[in-house]
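Notes for the one structure printed next.
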Amino acid sequence: MQTSETIHPDLKQAEAIVEKKWSIGAIQSATYQSDGIYLFKAEHATVMLQPVNDYTVRVKLLLDHALDASSTIAVQKEAFVDVQTELEETELTYRLTLPATTVVLHKANAQIDFYNSNGELISSHEEIYSRSRGEYVCKKRMSPESHIYGLGEKTGFLDKIGEKYDMWNSDVFDPHVPEIECLYVSIPFLIHFEYEKAAYGIFLDNPGRTSFDMRSHQDAYTFQVNSGTIDYYFILGPSLQEVVQRYSQLTGRMDLPPAWAIGYHQSRYSYMNQEEVLTLAKNFKAKNIPCDVIHLDIHYMDEYRVFTFDPVRFPNPRQMIDELKEMGIRIVPIVDPGVKKDPEYAQYQQGIHNDYFCKKIEGELFIGDVWPGASAFPDFTEEEVREWWGEQHRYYTDMGIHGIWNDMNEPAVFNASKTMDLDVVHGNDGSPKTHRELHNLYGMLMSMATQQGLKKQLAGERPFVLTRAGYAGVQKYAATWTGDNRSFWEHLAMSIPMVLNLGLSGQPFAGPDIGGFAHHTTPELLARWTQAGVFFPYSRNHSVLDSIRQEPWVFGEQIEDICRKYIRLRYQFMPYLYTQFYQAHKTGLPIMRPLIMEYPNDRNVYNLCDQFLVGADVLVAPILRPSTETRSVYLPEGEWIDYWSGERHRGGKYILAYAPLDVLPLYIKAGAMIPELLDDNWKPTLNEQGNISIVLYAGAEGSTSSSQWYEDDARTYDYEQGVYNLLETAAKFNKDSIELNCSYHAKELPIQRENLQLTIKSLSYNPKHVIVNTSEHSVTLEESGGSWSYNPDTQELTLQLPNTFIDIELMIK
Ligand code: MIG
170 MQTSETIHPD
180 LKQAEAIVEK
190 KWSIGAIQSA
200 TYQSDGIYLF
210 KAEHATVMLQ
220 PVNDYTVRVK
230 LLLDHALDAS
240 STIAVQKEAF
250 VDVQTELEET
260 ELTYRLTLPA
270 TTVVLHKANA
280 QIDFYNSNGE
290 LISSHEEIYS
300 RSRGEYVCKK
310 RMSPESHIYG
320 LGEKTGFLDK
330 IGEKYDMWNS
340 DVFDPHVPEI
350 ECLYVSIPFL
360 IHFEYEKAAY
370 GIFLDNPGRT
380 SFDMRSHQDA
390 YTFQVNSGTI
400 DYYFILGPSL
410 QEVVQRYSQL
420 TGRMDLPPAW
430 AIGYHQSRYS
440 YMNQEEVLTL
450 AKNFKAKNIP
460 CDVIHLDIHY
470 MDEYRVFTFD
480 PVRFPNPRQM
490 IDELKEMGIR
500 IVPIVDPGVK
510 KDPEYAQYQQ
520 GIHNDYFCKK
530 IEGELFIGDV
540 WPGASAFPDF
550 TEEEVREWWG
560 EQHRYYTDMG
570 IHGIWNDMNE
580 PAVFNASKTM
590 DLDVVHGNDG
600 SPKTHRELHN
610 LYGMLMSMAT
620 QQGLKKQLAG
630 ERPFVLTRAG
640 YAGVQKYAAT
650 WTGDNRSFWE
660 HLAMSIPMVL
670 NLGLSGQPFA
680 GPDIGGFAHH
690 TTPELLARWT
700 QAGVFFPYSR
710 NHSVLDSIRQ
720 EPWVFGEQIE
730 DICRKYIRLR
740 YQFMPYLYTQ
750 FYQAHKTGLP
760 IMRPLIMEYP
770 NDRNVYNLCD
780 QFLVGADVLV
790 APILRPSTET
800 RSVYLPEGEW
810 IDYWSGERHR
820 GGKYILAYAP
830 LDVLPLYIKA
840 GAMIPELLDD
850 NWKPTLNEQG
860 NISIVLYAGA
870 EGSTSSSQWY
880 EDDARTYDYE
890 QGVYNLLETA
900 AKFNKDSIEL
910 NCSYHAKELP
920 IQRENLQLTI
930 KSLSYNPKHV
940 IVNTSEHSVT
950 LEESGGSWSY
960 NPDTQELTLQ
970 LPNTFIDIEL
980 MIK
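In our numbering, the protein residues as written are 170 to 982.
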């Protein structure tokens, strides 16, 4: 416990007199290199400009003037395309013009401004300077109207104005406090947003410690590197969505996960033995609560040796896995990077023998203490080591395991610095660098190794990797959970902006430990957290050793019923959710979105983060406080339909939602089409599941809407070859009729679906006819072999379509 003495008066020294700041100096010459690269040689450094595409320009500071266009593995080589550029010299400036943006360098001091193609100033760059050796700061102007988003995994609210963060992957216990500066994942990417102005992004590609300061200057924010150099990308939107899309184009997009990975996961530190795991699985079955995955935390291993099972606790893992498979449940075991220093242990022997572990420059092995005791750490910066590590996973895949959970990969080490010694020198595939320079890459490279190994071994089946640590681009390799939160209501609330900003930072597949990891959950908190958590992209209940248990049924019938209801609701929404995963894969847009993403002109939503959207059409407003049955919900423009009552609300205002313990305030945008599963029989192959309902929520009179429904086998990579179906619906809502067009944009996945139901909800009138139009003729739905009925009490029109797999145009009147 600290006392007031902590704030010692002597701690405040007079500010050291700063000697002259280092600056780039005046530009002396400009030259064009190959690959679109321009070099501007100044007195103390050279500024390199490299167009990536029409909207994105890289700015790199070459401190010793030598050309070095290398970048980290976060950046996709394929992102660089040919860009038409033109360099123009004026008396005071150089102007590099790209089709969508113009970069202006001031000769006198190498300051840089960015304009859009209309000549509007988008970002004015004050200066790059240094006050102490090895640290370089870039300062950019902002206005009182500025909002900043992104920055990866951080606590606090959605808008990062007034905050200051470091990027240094850290394992800190009890970390989810508002003032923490670094967590497990570091994504040095921010989005600058201003009302009615073009949004832009800054991606600082430096995996050492970097800092972002949106606090110290009222009219500017800064970003700083402590090692290496400033190497950043200016990404022009102009919309927020485009900034995120372009950022993800640069750093990569996620593969589609297997269907089971987006089901509900159950975890505990730890399920201690085979019987406990099987009993747990049987409980899920008996209680009719869907669950796709059970996680095995560190106690499954033989004295924490990775790639082993404890022979006493888990004498027959293969049999356990088979039995679980019968129940439709998969195992995801934890794998940490520390390899136990044990001369009789295969992975340690191989690592030593082949020189795969991290070392100091003098050749001394880096040994750190983690769960297995003294351990060595694979040097994941080397491709050969990644291949070896990936290959070790055959141990798991041979048993039928398709998913791996990477923990402690910051890397966390039990010592004063909490991580690997900074003077370890990583091989880095022929370009050696210290751990200090590469720290934030370690965890991501481990997941990359894991994912690539699994991919090879699973022969076309999709693997699932979950990671705690990561850097920009982590989305290409793994989902992330937000680490060791606690069973606090505040942490439930904070998980929303945290995952929203992860989504804006390119990582769409993320979620917190539902129920809270440390401390003790309460029945009410578990119920509320489960309600919210099932709408997060990644949905896992996890808790720490010795905390009160928090499986869905431990608090008696009422809470169990609530958990069941909402976990099933996730499965019911799965076709919609899966479609959002497809969008994320395709465009990089987040699955879970802040309202500002869809309503950027609405000033009410700029820091709104106690509610969120899933995709564009589902609005979730969880209860975030105990003993609370009402809350205000902001509905943006348009009409919104209360999912439970069907009540229609006009948006652009706050409403008061009534939400007793079993109710999650949930709203669907009028006009939206939500494909739903009619039962929770979500299976890894979609062909097996017959009962889908396309639910159209009647739009406001005079409105039109369009939606998509994507499906593939949810299991293999055939979708990369185009084997998927993409149904697009377009609806026009008139006073007393609806024109609905369902057409397959892609139709390559053979589906034998017994039944495809179309439901129109919130329809205030009983239609007289349902007409099917084809290019040749118009017939009634009945004549074409379908049927329909209207229920005036629920205001629902249910239609059975004649054929479950055709393009169809309907007139309902
Ligand atoms: O020091 O493996 O964040 O999810 O249960 C704790 C044990 C190490 C930290 C992870 C947590 C996991 C735990 N791990």
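The beta-carbon is built from N, C-alpha and C at its ideal position, and this holds for glycine as well.
Separation of Lys-229 from Tyr-201, as counted between CA atoms:
Walking along the sequence shown from the start, residue 201 turns up at place 32. Walking along the sequence shown from the start, residue 229 turns up at place 60. The C-alpha of Lys-229 is placed about 15 Å away from the C-alpha of Tyr-201.
At a cut-off of 6 Å, is Ile-683 close to the ligand MIG when judged by its beta-carbon and the heavy atoms of the ligand?
Taking the sequence shown and counting its residues from 1, one reaches residue 683 at position 514. Between the ligand MIG and the CB of Ile-683, the shortest heavy atom gap is not smaller than 6 Å.
Tell me whether His-571 is buried or exposed, calling it buried when 16 or more other Cβ atoms sit within 10 Å of its Cβ.
Position 402 of the sequence shown, counting from 1, holds the residue named residue 571. By the neighbour-count rule (16 or more Cβ atoms within 10 Å), His-571 is buried.
Could you name the residues that DSSP lists as bridge partners for Phe-209?
By one-based count along the sequence shown, residue 209 stands at place 40. Ala-199, Val-216, per the DSSP bridge assignment.
Whole-Å CB distance - Asp-466 paired with Ser-436, under 8 Å assumed:
Translated into the one-based positions of the sequence shown, residue 466 becomes position 297. Translated into the one-based positions of the sequence shown, residue 436 becomes position 267. At roughly 7 Å, the Cβ-Cβ gap stays under 8 Å, so Asp-466 and Ser-436 are in contact.
Would the beta-carbon of Ser-192 fall within 7 Å of that of Tyr-298?
Locating residue 192 in the sequence shown gives position 23, counting from the first residue. Locating residue 298 in the sequence shown gives position 129, counting from the first residue. Contact flag set, yes.
Let me make sure I understand the geometry here. Which of Thr-270, Leu-352, Arg-378, Trp-698 has the alpha-carbon closest to that of Gly-406?
For the purposes of this step, residue 406 is taken as residue 237 along the sequence shown, with counting starting at 1. The shortest C-alpha separation from Gly-406 is found at Thr-270.
The alpha helix (DSSP H) that contains Glu-350, what's its start and end?
Position 181 of the sequence shown, counted from the first residue, corresponds to residue 350. That residue, Glu-350, is in no alpha helix (DSSP H); it is neither H nor E in DSSP.
Between Glu-513, Lys-916, Glu-579, Trp-557, which lies nearest to Val-539 when the distance is taken from Cα to Cα?
Looking up residue 539 in the sequence shown gives position 370. Distances from the alpha-carbon of Val-539 to those of Glu-513, Lys-916, Glu-579, Trp-557 put Glu-579 closest.
On a CA-only basis, which of Ala-515, Lys-602, Glu-492 is nearest Tyr-564? Give me that one, please.
For the purposes of this step, residue 564 is taken as residue 395 along the sequence shown, with counting starting at 1. For Tyr-564, the closest of Ala-515, Lys-602, Glu-492 by C-alpha to C-alpha distance is Ala-515.
If we ignore side chains and look at the alpha-carbon of each, how far apart do Thr-797 and Leu-830 end up?
On the sequence shown, position 628 is the one that residue 797 refers to. On the sequence shown, position 661 is the one that residue 830 refers to. In this structure, the straight-line span from the alpha carbon of Thr-797 to that of Leu-830 is close to 8 Å.
Go through its chain and collect everything with a Cβ distance to Arg-733's Cβ below 8 Å, but skip five positions before and after it.
By one-based count along the sequence shown, residue 733 stands at place 564. Cβ neighbours of Arg-733 beyond the five flanking positions: Lys-456, Asn-457, Ile-458, Pro-721.
What three-state label does DSSP hand Gln-414 in the structure shown?
As a first step, residue 414 must be located in the sequence shown, where it is residue number 245. Gln-414: helix per DSSP, three-state reduction.
Classification of Lys-904 by the beta-carbon crowding that lies within 10 angstroms, buried from 16 upward
As a first step, residue 904 must be located in the sequence shown, where it is residue number 735. Answer is exposed; the Cβ neighbour count stays below 16.
So, is Ser-875 buried or exposed, given that buried needs 16 or more other C-beta atoms within 10 angstroms?
Taking the sequence shown and counting its residues from 1, the one referred to as residue 875 is at position 706. Ser-875 comes out exposed.
Where Pro-853 sits in the DSSP three-state scheme:
Within the sequence shown, numbered from 1, the residue matching residue 853 stands at position 684. Bear in mind that a pLDDT of 49 at Pro-853, under 50, signals an unreliable position, so the number given afterwards is only what the model happens to contain. The DSSP-derived three-state label of Pro-853 is coil.
For Ser-292, list the residues DSSP reports as bridge partners.
Indexing the sequence shown from 1 puts residue 292 at position 123. Answer by DSSP bridge pairing, in chain order: Phe-283.
If we count the other Cβ atoms within 10 Å of its Cβ and call it buried at 16 or more, is Pro-601 buried or exposed?
Your numbering for residue 601 matches position 432 in the sequence shown. Around the C-beta of Pro-601, fewer than 16 other C-beta atoms lie within 10 Å, and the residue is accordingly described as exposed.
Could you check if Asp-466 belongs to the surroundings of the ligand MIG, using beta carbon to heavy atom distance under 6 Å?
Locating residue 466 in the sequence shown gives position 297, counting from the first residue. Checking every heavy atom of the ligand MIG against the Cβ of Asp-466, one is found closer than 6 Å.
Going along the chain, which residues of its own chain have a beta-carbon closer than 7 Å to the beta-carbon of Phe-583, five neighbours each way excluded?
By one-based count along the sequence shown, residue 583 stands at place 414. Counting only Cβ-Cβ distances below 7 Å, and skipping sequence neighbours, we find Asp-538, Val-539.
Let me check one thing: in DSSP terms, what residues is Ala-248 bridge-paired to?
Counting from one through the sequence shown, the residue named residue 248 turns up at place 79. Ala-248 pairs with nothing; no bridge assigned.
Per DSSP, Asp-538 forms a beta bridge with which residues?
Stepping through the sequence shown from its first residue, residue 538 is reached at position 369. Paired residues: Ala-543.
By DSSP's criteria, Cys-911 is part of a beta bridge. Which residues make up the other side?
Locating residue 911 in the sequence shown gives position 742, counting from the first residue. Cys-911 is bridged to Thr-898, Ile-977.
Own chain, CB closer than 8 Å to Val-252, minus 5 neighbours either side, in chain order
The residue you call residue 252 lines up with position 83 of the sequence shown. Taken in chain order, the residues that qualify are Gly-205, Pro-220, Val-221, Asn-222, Asp-223, Leu-267, Pro-268.
Rounded to a whole number of angstroms, what is the C-alpha to C-alpha distance between Ser-953 and Pro-971?
Position 784 of the sequence shown, counted from the start, is the residue given in the question as residue 953. Position 802 of the sequence shown, counted from the start, is the residue given in the question as residue 971. Across the structure, Ser-953 and Pro-971 are spaced so that their CA atoms are roughly 6 Å apart.
Please report the residue range of the alpha helix (DSSP H) in which Cys-307 lies.
Numbered from 1 along the sequence shown, position 138 holds the residue referred to as residue 307. Segment 305-310 is the beta strand (DSSP E) holding Cys-307; no alpha helix (DSSP H) there.
Taking 6 Å as the cut-off, does the CB of Asp-653 come closer than this to any heavy atom belonging to the ligand MIG?
By one-based count along the sequence shown, residue 653 stands at place 484. Yes.
For the alpha helix (DSSP H) holding Pro-666, just list the boundary residues, first then last.
The residue given as residue 666 occupies position 497 in the sequence shown. Counting along the chain, the alpha helix (DSSP H) containing Pro-666 begins and ends at 658-673.
Mind checking who Leu-694 pairs with in its DSSP beta bridge?
Residue numbering aside, residue 694 sits at position 525 when the sequence shown is read from its first letter. Answer is none; Leu-694 lacks a bridge partner.
I need the DSSP call for Arg-555, collapsed to helix, strand or coil.
Residue numbering aside, residue 555 sits at position 386 when the sequence shown is read from its first letter. In the structure shown, Arg-555 sits in a helix (DSSP, three-state: H, G or I).
As an exercise, report each continuous beta strand (DSSP E) stretch of at least 3 residues that is fully enclosed by the region 435-472, in chain order.
Listed in chain order, the complete beta strand (DSSP E) runs (minimum 3 residues) inside the region 435-472 are 462-465.
Report yes if the C-beta distance between Arg-499 and Trp-429 is below 7 Å; otherwise report no.
Counted from its first residue, the sequence shown places residue 499 at position 330. Counted from its first residue, the sequence shown places residue 429 at position 260. Yes, these two residues count as a Cβ contact at 7 Å.
Determine, using beta carbons only, whether Gly-397 and Gly-370 come nearer to each other than 7 Å.
Taking the sequence shown and counting its residues from 1, one reaches residue 397 at position 228. Taking the sequence shown and counting its residues from 1, one reaches residue 370 at position 201. It is not a contact, given that the beta carbons lie outside the stated cut-off.
Compare the C-alpha of Val-892 against each of Thr-898, Tyr-879, Ala-900, Phe-902 and name the closest.
The residue given as residue 892 occupies position 723 in the sequence shown. It is Tyr-879.
Where Val-713 falls: helix, strand or coil (DSSP)
On the sequence shown, position 544 is the one that residue 713 refers to. Three-state result, Val-713: coil.
Who are the Cβ neighbours of Thr-699 in its own chain at under 8 Å, not counting the five residues just before and after it?
The residue given as residue 699 occupies position 530 in the sequence shown. Cβ-Cβ distances below 8 Å link Thr-699 to Ile-683, Gly-684, Asn-710, Pro-721, Ile-731, Cys-732, Tyr-735, Ile-736 in the same chain, with the five nearest sequence neighbours on each side left out; the list follows chain order.
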